[in-house]
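**Student:**
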Amino acid sequence: MVPPLGGWLGETRRAAASRKGVRAMCGEVWSHPTKKVVAASAALVGLYSISLGVLQLTVGRSHSELVDSLTLGGNFGLTTLLYLLLRRVDDCLARAAVFTFLSGVLQPYSSVLFEWAHAPAADSADLRCRSAAACAALDAAVANGTAPPPPDGSLPCGWAAAQQLPCLSPIVYTWVGVVSSATLAGGTALYATYFQTWSYRSILATSQAALFLINLLDNVFVARLNLRFGVSDVAFIFGDEVLVGVLSRLQVRPAFQAYACRCGSPPLSLLSSPAAGDALPHLRGEALPAFRRGVHVRPLYGALQLWIRRRAVRRLGAAPLLRRRRGARL
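Counting in UniProt numbering, the sequence shown runs without a single skipped number right up to 330 at its last residue.
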């Protein structure tokens with residue numbers, strides 16, 4: 001996807017013979033009745049992902065409610081198309097891929113937990129997370145005329161810290177993202193070590209139930225119960241991210257294996273990876289305004305615990321796809 005860099009990296013053009021090999025491989029995929037279906041589903045997901053990203057970048061801020069509605073409608077439309085395509089390969093395979101997709105689509109994505117818990121940047125005019133000592137120093141500096149007063153309409157200095165609300169630095173969230181990426185390997189290793197003998201249906205159901213319970217644990221964080229048990233906010237956030245990352249990876253591994261076993265070709269396995277569900281849960285948008293009403297009311301976010309419970313329950317919305325059918329191998 002990256003264009004040649006003018007020879008800076010020592011790259012050279014491929015010989016014509018090698019390009020013919022690539023064209024021959026692609027021709028084989030698109031001429032095979034099974035392989036072309038999976039390739040088409042992967043291409044469909046890729047095009048939808050690009051289109052959704054462009055839509056959100058161009059008009060996401062100015063028409064957020066319209067974009068939210070189009071995103072949800074597009075997600076379910078894509079789900080239907082994927083099932084209709086993949087059932088021509090195998091019905092159980094189609095349900096496994098759609099289950100992985102729906103388990104993400106039905107989960108409303110929102111940055112509200114980050115907005116509620118993060119500390120503003122050091123140069124921000126928002127002083128809500130300052131310590132008592134920092135607020136006292138600021139008051140003295142304002143009285144001496146060496147510092148400007150806080151801007152009008154801002155929360156009182158130290159407001160969040162005084163109420164024992166979390167004030168996690170952006171650096172912490174950066175490391176949380178790093179850990180989240182590292183957990184992908186943990187989920188793969190867990191599957192390879194302990195779960196290869198499990199049926200796909202059992203793995204999907206078990207991981208989904210565990211993720212449902214972990215989602216409910218966010219209420220412990222919001223209610224500040226973790227502090228009563230002696231668990232710091234940083235430790236709780238990291239632990240939660242590790243568990244979610246491992247279980248999410250474990251959930252999509254069966255679909256990868258199913259595609260590889262059913263369709264066989266390594267290039268096809270790569271083509272089918274998006275359709276298998278690794279990227280699909282990230283194509284969800286924020287929930288419709290009716291679903292998140294009251295959650296984004298700053299600074300207290302009063303409906304946050306109710307939103308967390310609804311989000312956890314919605315994770316179970318794809319469970320009917322796990323029902324056993326006669327002759328099913330899932």
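Yeah, the Cβ is synthetic: ideal placement off N, Cα and C, and Gly gets one too.
Just so you know, these numbers come straight off a predicted model, no measurement behind them.
Mapping DSSP to helix, strand and coil, what is Ala275?
**Tutor:** Working through the sequence shown from its first residue, we reach residue 275 at position 275. Low confidence applies to Ala275: its pLDDT is 39, below 50, so where it sits in the model is not reliable, and the reading given next is rough at best. Secondary structure at Ala275: helix, using DSSP grouped into helix, strand and coil.
**Student:** Assuming Phe212 contacts Leu316 (C-beta within less than 8 Å), just tell me the rounded distance between them.
**Tutor:** Against the sequence shown, residue 212 aligns to sequence position 212. Against the sequence shown, residue 316 aligns to sequence position 316. At roughly 6 Å, the Cβ-Cβ gap stays under 8 Å, so Phe212 and Leu316 are in contact.
**Student:** What separation, rounded to the nearest whole angstrom, lies between the Cα atoms of Leu102 and Ala132?
**Tutor:** The sequence position of residue 102 within the sequence shown is 102, counting from 1. The sequence position of residue 132 within the sequence shown is 132, counting from 1. If you draw a straight line from the Cα of Leu102 to the Cα of Ala132, it is about 46 Å long.
**Student:** Could you check the C-alpha separation between Glu115 and Val172 for me, to the nearest Å?
**Tutor:** Numbered from its first residue, the sequence shown carries residue 115 at position 115. Numbered from its first residue, the sequence shown carries residue 172 at position 172. In a straight line, the C-alpha of Glu115 is about 14 Å away from that of Val172.
**Student:** Please go through the same chain and pick out, in chain order, the residues whose beta-carbon is closer than 7 Å to the beta-carbon of Leu85, but skip the five residues on each side of it.
**Tutor:** If you number the sequence shown from 1, residue 85 lands on position 85. Around Leu85: Val37, Ala40, Ser41.
**Student:** Looking only at its own chain, which residues have a Cβ that is under 6 Å from the Cβ of Leu247, when we skip the five neighbours before and after it?
**Tutor:** The residue you call residue 247 lines up with position 247 of the sequence shown. Same-chain partners within the cutoff: Ser207, Ala210, Leu211.
**Student:** Taking only the alpha-carbon atoms, compute the straight-line gap between Ala121 and Ala161 and give it to the nearest angstrom.
**Tutor:** Along the sequence shown, one-based indexing puts residue 121 at 121. Along the sequence shown, one-based indexing puts residue 161 at 161. Spanning the two alpha carbons is a distance of roughly 15 Å.
**Student:** Please classify Asn144 as buried or exposed, where buried requires at least 16 neighbouring CB atoms within 10 angstroms.
**Tutor:** Position 144 of the sequence shown holds residue 144. By the neighbour-count rule (16 or more Cβ atoms within 10 Å), Asn144 is not buried but exposed.
**Student:** Spatial neighbours of Val242 within its chain, please: CB distance less than 7 Å, with the 5 preceding and 5 following residues excluded, ordered by chain position.
**Tutor:** Residue numbering aside, residue 242 sits at position 242 when the sequence shown is read from its first letter. Cβ neighbours of Val242 beyond the five flanking positions: Val179, Thr183.
**Student:** Taking the straight line between their C-alpha atoms, what separation do you get for residue 332 and Tyr83?
**Tutor:** Only positions 1 to 330 of the chain appear in the structure, and residue 332 is not among them; the question remains open.
**Student:** How would you call Leu72, buried or exposed, if buried means at least 16 neighbouring beta carbons within 10 angstroms?
**Tutor:** Position 72 of the sequence shown, counted from the start, is the residue given in the question as residue 72. Counting Cβ neighbours within 10 Å, Leu72 comes out buried, since at least 16 surround it.
**Student:** Tell me the start and end of each unbroken alpha helix (DSSP H) in the segment 84-162 that is at least 4 residues and wholly inside, in chain order.
**Tutor:** 91-105, 112-117, 132-144, 159-162
**Student:** Take Trp159 as the anchor and find which of Ala117, Gln196, Trp198, Val176 has the nearest alpha-carbon.
**Tutor:** Here residue 159 refers to the residue found at position 159 of the sequence shown. For the residues Ala117, Gln196, Trp198, Val176, the minimum Cα distance to Trp159 belongs to Ala117.
**Student:** Just to confirm, does Thr34 get its C-beta within under 7 Å of one of the non-hydrogen atoms of the ligand FAD?
**Tutor:** Although the ligand FAD was asked about, the structure shown includes no ligands whatsoever.
**Student:** Would you mind reading off the limits of the alpha helix (DSSP H) that contains Tyr173?
**Tutor:** In the sequence shown, counting from the first residue as 1, residue 173 sits at position 173. Start and end: 170-190.
**Student:** For Phe195 versus Leu113, is the C-beta spacing smaller than 8 Å?
**Tutor:** By one-based count along the sequence shown, residue 195 stands at place 195. By one-based count along the sequence shown, residue 113 stands at place 113. Not in contact: Phe195 and Leu113 (Cβ atoms no closer than 8 Å).
**Student:** Might you give, ordered along the chain, the residues of its own chain that have their beta carbon closer than 7 Å to the beta carbon of Arg87, omitting 5 neighbours on each side?
**Tutor:** On the sequence shown, position 87 is the one that residue 87 refers to. Within the same chain, Arg87 has close Cβ partners Ala94.
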